[in-house]
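Shown next, in structure tokens, is the structure this report addresses.
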Amino acid sequence: MCGIAGIVSSSVSDEAFLKALSFISYRGPDDTGFFVKLDRETQKKVLLGINRLSIIDIQGGRQPMSSEDGNVVVVFNGEIYNFLEIRKRLESKHALRTNSDTEIIPHMWEEYRENMLDYFDGMFAIALYDSKKNILFLAKDPFGEKPLYYSLSQSQFIFASEPKVIISLADFSTEPDFYAIAKYLFYGFIPSPHSPFYKIKKIPAGHYLIFDLKNWDIKIREYFQVKKIKARDYYGIQDINQKIKENLRVSVKRRLIADVPLGIFLSGGIDSSSVVAIASKFIKPKTFSISFYESSYDESSFAREISSFFGTDHTEYRMSEDDMLEVVPEIFSKLDEPFADSSIIPTYLLSKLTRQKVKVALSGDGGDELFGGYPTYISHVLAELLKRVLKWRRLKDFIVNLVESLPSSFEYFSLDFKLKRFFSGFDFNLPQRHYFWMRYFSPSEISNILNLDVGQDFVFEDTLRYYKEAMEKDIDFFSFPMYLDLKLYLQDDILFKTDRASSFCSLEVRTPFLTKEIANLCFSLRFKDKIKPLIYTPDGLKFILRDIMKNDLPKRILKRGKQGFAVPISFWIKKKEKLFLEKVFELEKYLRRFGVVSPSFFDFVSKEFSDHINSRKNNSRKIFALFSLSYWFERWVR
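When you line the sequence shown up against the working numbering, it's residues -4 to 633, in that order.
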């Protein structure tokens, strides 16, 4: 975990650049490295910088690092887990002076150029300056674990781990991108390559960017896409399952390499429990979990069971409502994108408390998207069946009205919430339906907030793009939502949340499920291979993972369903009504400044609040989304 940045400009000073880099010092508080060179051909100054969190080769791994002749210079955020194998490939041709994974990058560039990325198993944001070729090369890991933003104007090219660095250095006004914000109101996050700022973009997962200093232009190319394994490479499902297990074992083992104390986030779910089970074969793990007083949100008993089963050194933090709300200003003071997923609060607290004992933690992120862990996946099967049965419009309308009349519960993913969501997206086709179920605001509701023309075609364009990709890869029909989540929800919600919450605490988080090999194997399996109702669990979710871990985990863990990591935000809003109300209504004045506030904003938001406070509807997701957006405007928009 580090923070990197760079700029190509004829006017920026070293002092201004270092000051901007300091804004993300929490990402790497151990050391600051700096490179500056005047590019002779363009007469532009090239500056690269890094705030380093020292994990491997603490003394020798200082950055920037360069090739032997100094023509290739690298700053790098992340880990390349197979660097020891790659070192052996390089030793006959290159003089390796350290034991750091960073050092292999300039030499791999000399050997393979951009194709070097095909050799890496890792999470990374790489920035490389090749002075001979007059280019900057930026690359992001296959799944988007490490962030990388960039901006190009007539006089500057800037990149950084977070937008706040670019904002500090930019010679242009960082105005909001309200179409990106409209997507935020739908998804609860901003999908790549968009950012909340009009002139700042994200490099998407599995892509690289080449900036040509001489021609002053950029090219962005994709280097990794999930692909199905050819049938002839394996003899059947059991062979693929065994291969997944072997790859997961290798992945966990590689991610245990560190020269600092290391632990594991443990919820007691099948994903994190599997990581603990495999890690226990190599080390005695330190495990960390968080618990809540609200029972429907608490899964700490499962974490304790796994800890006891494997004999881990376990630490559990019990969080009160006040503990959670106290850290909200801490989070939002640093968070330079609006983000509606309230689970960033416990993730931040867990990271903050874990960092007191270790510097690196493993997590189970990615297991749901690869193995089929979300209830929505099986809900699509039911929806397709009901569409055939409920052809009589009056019967369908009767059922929808009946469901809408159910009283609202404020418990976590209550039955009434699931039923209302299910029928709200019933008339859509599968790809649109999937994210309409997951939405925060519908397109019509967005028009009550923003005075923009944003219909269904606009909000669904990202979903449909990835749906088309999935069709071209011959992924079977009911596996489409898993592919959509891998490309959208995992990258821009789950991994964004984990990166920001952990980096704010100077903690590195590693994700063993996210390897190219495991992803390719998982998407080579059909939906019916991954989800088998009544085996292990009633809904059959994550059958493959449960099956390959059946000899390693307690039966109660194998048979428990999906719970998720959430906070009782619905109760908090009722208890802290004034706090949320004031912050949300401040949003109106920010939108008014830019002339994009909807005339119906006040009436719409007032009703959403009233319905929630009076328990007519659980609108907590919507309210928290507006709460986060208001905080973002207050902090980052001038």
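The C-beta atom is built at its ideal place from N, Cα and C for all residues, glycine as well.
With 16 other CB atoms within 10 Å as the buried threshold, where does residue i fall?
i, result
"E98", "buried"
"S623", "buried"
"Q38", "exposed"
"G450", "exposed"
"I278", "exposed"
"L380", "exposed"
"K14", "exposed"
"N242", "buried"
"R227", "The predicted model places R227 with a pLDDT of 49, which falls under 50 and marks its position as unreliable; any figure quoted below should be read in that light. That one is exposed."
"T371", "buried"
"S148", "exposed"
"V221", "buried"
"Q54", "exposed"
"S5", "exposed"
"L483", "buried"
"Y531", "buried"
"R588", "exposed"
"F597", "exposed"
"A274", "buried"
"Q486", "buried"
"S20", "exposed"
"A90", "exposed"
"V69", "buried"
"I2", "buried"
"N680", "The structure shown does not extend to residue 680, since the chain spans only -4 to 633, so no value can be given for it."
When DSSP builds the beta bridges, which residues end up paired with residue i?
i, result
"E36", "According to DSSP, which records beta bridges pairwise, E36 is partnered with nothing at all."
"P171", "F192"
"S146", "I153"
"Y124", "V68, L131"
"Y312", "I285"
"V3", "V41, F152"
"K527", "Per DSSP, none; premise fails for K527."
"E503", "V355"
"L204", "L133, I215"
"T532", "I530"
"G117", "I75"
"I259", "T282, L357"
If you check the beta carbons only, do residue i and residue j fall under 7 angstroms apart?
i, j, result
"D172", "Q151", "no"
"F283", "F297", "no"
"F518", "H375", "no"
"S346", "I301", "no"
"L16", "G56", "no"
"V562", "I198", "no"
"F604", "R434", "no"
"Q58", "G23", "no"
"D336", "G183", "yes"
"I51", "S95", "yes"
"K281", "G258", "yes"
"F475", "L425", "yes"
Hey, does residue i have any beta-carbon neighbour from chain B nearer than 7 angstroms?
i, result
"N94", "Given the protein chain composition of this structure (a single chain), no chain B is represented."
In terms of residues, what are the limits of the alpha helix (DSSP H) holding residue i?
i, result
"F622", "615 to 631"
"T510", "Element bounds for T510: n/a, residue is neither H nor E."
"N443", "Segment: none, N443 is in no alpha helix (DSSP H) and carries neither H nor E."
"E577", "572 to 588"
"D266", "265 to 274"
"D494", "490 to 498"
"V600", "596 to 608"
"V592", "No alpha helix (DSSP H) holds V592; DSSP gives it neither H nor E."
"F78", "78 to 85"
"E643", "Outside the shown range of the chain (-4 to 633) lies residue 643, about which nothing can therefore be said."
"A465", "456 to 467"
"F305", "295 to 305"
"V562", "Taken as a continuous stretch (DSSP letters only), V562 belongs to no alpha helix (DSSP H), as it is neither H nor E."
"F160", "In the sequence under discussion, the amino acid at residue 160 is Val, which differs from the Phe named in the question. Element bounds for V160: 158 to 164."
"M477", "475 to 482"
"Y107", "99 to 107"
"M544", "Run containing M544: none; DSSP gives neither H nor E here."
"M433", "425 to 433"
"L421", "As written in the sequence, residue 421 is Phe, which differs from the Leu given in the question. Note, F421: premise wrong, no alpha helix (DSSP H); not H, not E."
"R551", "550 to 553"
Within 6 angstroms: the Cβ of residue i and any heavy atom of the ligand GTP?
i, result
"H429", "This structure lacks the ligand GTP, and indeed carries no ligand of any kind."
Taking only runs of the alpha helix (DSSP H) that begin and end inside the segment 318 to 391, which ones reach a length of at least 4 residues, in chain order? Listed in chain order, they are 339 to 349, 362 to 366, 370 to 384.
Could you tell me which uninterrupted alpha helix (DSSP H) segments, each at least 4 residues in length, are contained entirely in the segment 26 to 70, listed from first to last along the chain? Those alpha helix (DSSP H) runs which fall completely within the segment 26 to 70 and span 4+ residues do not exist here.
Which whole runs of the beta strand (DSSP E) in the segment 206 to 256 are 3 residues long or more, in chain order? As for any beta strand (DSSP E) of minimum length 3 sitting wholly inside the segment 206 to 256, the runs are 212 to 217, ordered along the chain.
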